[in-house]
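Engineer: Residue numbers for the sequence shown follow the numbering used here, so the first one is 5 and each next one is one higher. For each residue, glycine too, the CB sits at the ideal point set by N, CA and C. Shown below is the structure under consideration.
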Amino acid sequence: MELRYEQIKKQIAEKLNCAQRAVASVSAKRKEFIRKRRQVAEELNLASAKHREMEKELEEAVESEDFETAERVSDSLASAEKDKEVLSIALREAEADCDAIDSKMQDALELQIVAEEECEALLKSFAVDADHDADSVISNAKTKTSEEMEKLFSLSEALEVKKMEAEIESDVISGARQVLDDSIDHVVKEDKQESELLHKKKKTLADELHELLALVKQKEAEIAENNSQIEKIEKKMAGAVYCFQDALSDMDLKSEKLQSNLSQLELENDDLSRKKKEIDDFFLQEEVRGLKIRELGRVSADEAGVYQEVINLRKSLIQFISKSREDKIRLATTEQKLFDDVQMLKQDISAVRASLQDLSSTKSGTQQSIESSKQRLLFIEKRVPEIESEKRVFATARNFKEAARIANEAKTLYVENETLQRKIEEDTTTLKKIEDDINHNVQKLQEKEENIALMEKELETVRYQRLILLARAATAERSAAVELGDVEEADILLKEAEAADLEAKKIQPALKNEESDGFLNSFISMDLVSTLHKSQLAELAASTQISAQ
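And the structure:
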């Protein structure tokens, strides 16, 4: 189990390292996209500032009636507008790339969570197996120990019986030996006493021998006689002892055999004690091994619990991040839609104004045409009487050729008069239609200007909310950069947060308070969610009032 635990730990480390490498790779790409978006945003800010300066210059030129400068600035302004539009498109694409890489980052975080869930499952499975194995080890040890102890108990009982038999036999032999010793002592008691007296006498005589040199010979004779008596007595004693020698020898053999049996029993007893100690040591070792395996299971279960808490925290934080991203994307989409709608309205307004200019020009031309026709009619009305008078004069003078010419001229004037009358009527009808179109376009222009004002206000509200979110996001990313030791990135993010906050404050006074509520005020960096440990994740979750589910 210890080896399996080490293998599981190694497998877990490999899974987590693989997941963390994937997150780190996506995080690096995400930083590249963010840097690209930041660069495009800076270029757009410069282009916008330049565009505002040119608009101001154009207004000043128009106010001062410097139309040549106004024409030149207007051309440059059109080019700047195009550059600004190109950069706006590039910024939207960069932001779309950032949103896409954020989505990939979230996917990588979710894959990291999946890896951690697999690690948790491995640890839980090992904990269950470890508990089962520990129970099995201890149960087997108890069973084996019980069997061995039963055998040992049986052998001990047999050994005790043998020892009791040996002790009884030893007691019997000791009693017999005591009886035999008593019998020998009884037989040789008098001779022994006499031998002792003779030995004392011998000593006394020896002392007297030394003291009485004069009586040496006498004493030598006495000593020789005494020695002879001693020899007789000792021979008699030896004869008495010899009679019991066979019994003593037999008794000694039995005693030696009994001692040998007792020694063998002691050896067997020592073997049984050693075997009992081995059984006790085996059970203790197995019990310790079972406890170690159980401890491994407990450690594994604790680690699985830690992984579970971390997984729950990461899931809660990712859910929070997902909500923040959804708010950010929703606001960006709404802002872009409103911006596009405003641009379309502005284009419509430009088209209506151009149409009004065309209608005004047409109206002016029609009015001039009517006036010209009226002037021509006045001329014809004045000329016709003159021609009639001249025709009568030439006819009276019989200048018929000239009279015919004048008559033709009169006919031409009559035809032109009718034509002009019809033209004036047509131009008058056209003029009325143009005036109706102008009124309709003016009304349409007013409606579109009102709509664009409302949309621009809504656009400012959405833009303010998005700027607040951007400021919070930059602040969160800055905290992550500080935590990860990237001081340079932290300084850049601080400037971004301050710039977004400052721009939002410029918009805020024009909005009502309730128009700026209803969106998230917090943001969490995905880099922190992927790298922080349990306690730090718990603190991060607590800061956003999130609890592990």
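#1: Under a three-way DSSP split, which group does asparagine 403 fall into?
#2: Helix, strand or coil for histidine 214, going by three-state DSSP, please let me know.
#3: Please identify the residue among Ile456, Arg34, Arg318 and Ser304 whose C-alpha is closest to the C-alpha of glutamate 10.
#4: Out of Arg402, Gln347 and Asp431, which has the shortest C-alpha to C-alpha gap to glutamine 372?
#5: Report the rounded CA-to-CA distance for serine 547 versus serine 483, giving the unit in angstroms.
#6: Report yes or no: do three or more beta-carbon pairs, one from the region 340 to 351 and one from the region 452 to 465, lie closer than 8 Å?
#7: For lysine 327, which of Lys146, Ile528 and Leu95 has the nearest alpha-carbon?
#8: Taking phenylalanine 157 as the reference, give the member of Lys279, Ala228 and Glu97 with the closest Cα.
#9: Just to confirm the assignment, what range does the alpha helix (DSSP H) spanning aspartate 531 have?
#10: Check whether the region 101 to 109 touches the region 32 to 43, taking contact to mean three or more Cβ pairs, one atom from each stretch, closer than 8 Å.
#11: Mapping DSSP to helix, strand and coil, what is aspartate 490?
#12: Taking the beta carbon of lysine 378 as the centre, do at least 16 other beta carbons fall within 10 Å, making it buried, or is it exposed?
#13: How would you call lysine 386, buried or exposed, if buried means at least 16 neighbouring beta carbons within 10 angstroms?
#14: Have a look at Lys54, Asp362 and Leu424 and flag the residue whose alpha-carbon is nearest the alpha-carbon of isoleucine 556.
#15: For glutamate 120, name the three-state secondary structure that DSSP assigns.
#16: From asparagine 230 to lysine 206, what distance separates their C-alpha atoms?
#17: Tell me where the alpha helix (DSSP H) around glutamate 10 begins and ends.
#18: Give the straight-line distance between the Cα atoms of glutamate 154 and leucine 271, rounded to the nearest whole angstrom.
#19: Let's test the definition: count the other Cβ atoms within 10 Å of the Cβ of glycine 489 and tell me whether it reaches 16, buried, or not, exposed.
#20: Rounded to whole angstroms, what is the Cα-Cα separation between leucine 300 and leucine 127?
#21: Could you check the C-alpha separation between glutamate 451 and valine 90 for me, to the nearest Å?
#22: Run the CB neighbour count on glutamate 257, radius 10 Å, all protein chains shown included, and call it buried at 16 or more, exposed below.
#23: Given that a residue counts as buried once 16 or more other Cβ atoms are within 10 Å of its Cβ, and exposed if not, what is lysine 332?
#24: Decide yes or no for the touch test of the region 409 to 424 against the region 381 to 395: beta carbon pairs closer than 8 Å, at least 3 of them.
#25: Nearest-angstrom Cα distance between glycine 51 and tyrosine 468?
#26: For aspartate 344, which of helix, strand or coil comes out of DSSP?
#27: Quick test of your reading: arginine 34 and aspartate 106, contact by CB under 8 Å. State the CB separation rounded to the nearest angstrom.
#28: Using 10 angstroms around the beta-carbon of cysteine 123, count the other beta-carbons present and answer buried if the total reaches 16, otherwise exposed.
#29: Report all residues from its chain with a CB closer than 7 Å to the CB of alanine 504; omit the five preceding and five following residues, and keep chain order.
Structural biologist: If we stick to the structure as given:
#1: coil
#2: helix
#3: Ser304
#4: Asp431
#5: 13 Å
#6: yes
#7: Ile528
#8: Lys279
#9: 530 to 535
#10: yes
#11: coil
#12: exposed
#13: exposed
#14: No answer is possible for residue 556: the residues shown for the chain start at 5 and end at 553.
#15: helix
#16: 8 Å
#17: 6 to 67
#18: 20 Å
#19: exposed
#20: 10 Å
#21: 30 Å
#22: Before going on, a small fix: residue 257 reads as leucine here, not glutamate. Burial call: exposed.
#23: buried
#24: yes
#25: Contrary to the premise, residue 51 reads as alanine rather than glycine in this sequence. Rounded to the nearest angstrom, the two C-alpha atoms are 21 Å apart.
#26: helix
#27: 7 Å
#28: buried
#29: Leu471, Leu474, Ala475 and Ala478
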